Amino acid sequence: MQFAHAWAAQSRILFGESQSDAPRPAPLFDPSRLYQYANLSATGTDPDPEKVNKARNLPMHRYDWWATDAPGYPHWATASSGGTKPPAEELARLELSPSTFPPWPTWNMAAPVEHVQIRFKAAAISKMKKAAEASLPESLKEQRVSRLDAALAHIWILINRARQLEKSKDQVYMDITLGVRGRLDPPLPDNFVGSPILLGYIAKPGSEASTATIGAIAGSIRQMMSQFTPDAVAAYIHDIAHEVSPQRLWQAFLGSRHTLVTSWVHARAYEVDFCATQQLARYVQGVMPRMDGLVQVMDIADTGDFDISVCLEKETLQRLIQDPLLKVYGL
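First residue of the sequence shown? That's 30 in this note's numbering, and the numbers climb one at a time after it.
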């Protein structure tokens, strides 16, 4: 979104807006800032065992994209994963960090996937938050859940119900994209170029994730996010900098046991203005592939409304839309 806002600012000048009317800081491309947080130098450093241990105890998946022996591995993946590997003779001498097999059998890539974008008004989001606060389990009472936490909890419960997991003992996951900029100390500026993100997850048995209170899920989301302190994120950067190939490790997955969340809250997507209209966009939709389990959240300027985009297998999505629980807090 930083790129879109910078592009729109230049476009507005062509429509007569003065450059001083909406000054924006110039894009900052300086990867060395990340090196500083990770305590790295230009010549490199040896891995710090304490930092590595702290990073690997965070709730993050470490799915091995190179594991061709994983059950259900799709052989089409070799063409793209091969490009992330060092030469075979070099790879044979290297020790790879711990990882697990991706759960390929849980992702039916041949199944048709459909998309819906749901507008929840500010009043509905407020009701979700109040319901989450009122239903926090005793073990999560200290968690201060946000409006986003509550909205994600509501949607995840709906998804797991639509996937008919009420009797499942299998673990299901919500993989949540977390921005790195504001989680460092001092924080990276908003104009820092790139996509500094990581993904954390919460996990529950399918039966619990389908029937839990909104507070139990929202509190778990907030508890997970609270683990990504500045020290922990710096440790993660330190650890990933010493990977043979960071692309080997997938921090999320899709399919019937995963929900992958991307939040554009506070990214001001509805305020991108190319034509100097000084008005909000009528409708914004992220251009994302239709894959089973993708969820994207946008806020609509300062209205308090949320747009939540959901991609699921066709029949699953129909069950979600028809679920009376969808509108229990209003729309």
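All residues carry an ideal CB built from backbone N, CA and C; glycine is no exception.
Since the model is a prediction, treat every value here as computed from it, not as a measurement.
In DSSP terms, what residue i is bridged to
i      : result
His287 : Tyr202
Gln146 : Ser338
Trp279 : Tyr92
Ser292 : Val326
Leu248 : Checking the sequence shown, residue 248 turns out to be Gly, not Leu. For Gly248, which the question treats as bridged, DSSP gives no partner whatsoever.
Gly208 : Ile226
Leu57  : Phe221
Simplified DSSP state of residue i, which is helix, strand or coil
i      : result
Met254 : helix
Ser168 : helix
Lys233 : strand
Gly359 : coil
Gly223 : coil
Leu213 : coil
Leu187 : helix
Leu63  : helix
Val81  : helix
Arg176 : helix
Closer than 9 Å to chain D by CB, residue i
i      : result
Val316 : Absent from the structure is chain D; it holds one protein chain and no more.
Test item: CB-CB of residue i and residue j under 9 Å
i      : j      : result
Asp93  : Leu213 : no
Ile1   : Ser292 : Lying before the first or after the last residue shown, residue 1 is absent from the chain, which here runs from 30 to 360.
Ile250 : Leu349 : no
Ala241 : Ala84  : no
Phe60  : Gly223 : For clarity, residue 60 is Pro in the given sequence; the question names Phe instead. Taking 9 Å as the Cβ cut-off, Pro60 and Gly223 qualify as a contacting pair.
Gly244 : Leu169 : yes
Met157 : His183 : yes
Leu289 : Ala281 : yes
Thr345 : Asp321 : yes
Ser338 : Gln146 : yes
Contact test: residue i Cβ vs the ligand MN heavy atom, cutoff 8 Å
i      : result
Ser164 : Judged by which ligands are present, the structure shown has none, so any question about the ligand MN falls away.
- Message: What ranges does the alpha helix (DSSP H) occupy inside the region 96–143, keeping only unbroken runs of at least 4 residues that lie completely in it?
- Response: 106–110, 117–120
- Query: Which ranges would you report for the beta strand (DSSP E) in the region 294–355 if only whole runs of at least 3 residues count?
  - Reply: 323–328, 335–342
- Message: Tell me whether the region 229–244 and the region 177–195 touch, counting them as touching only if at least three CB pairs, one residue from each stretch, are closer than 8 Å.
- Response: yes
- Message: Any contact between the region 323–334 and the region 117–128? By contact I mean 3 or more CB pairs, one from each, below 8 Å.
- Response: no
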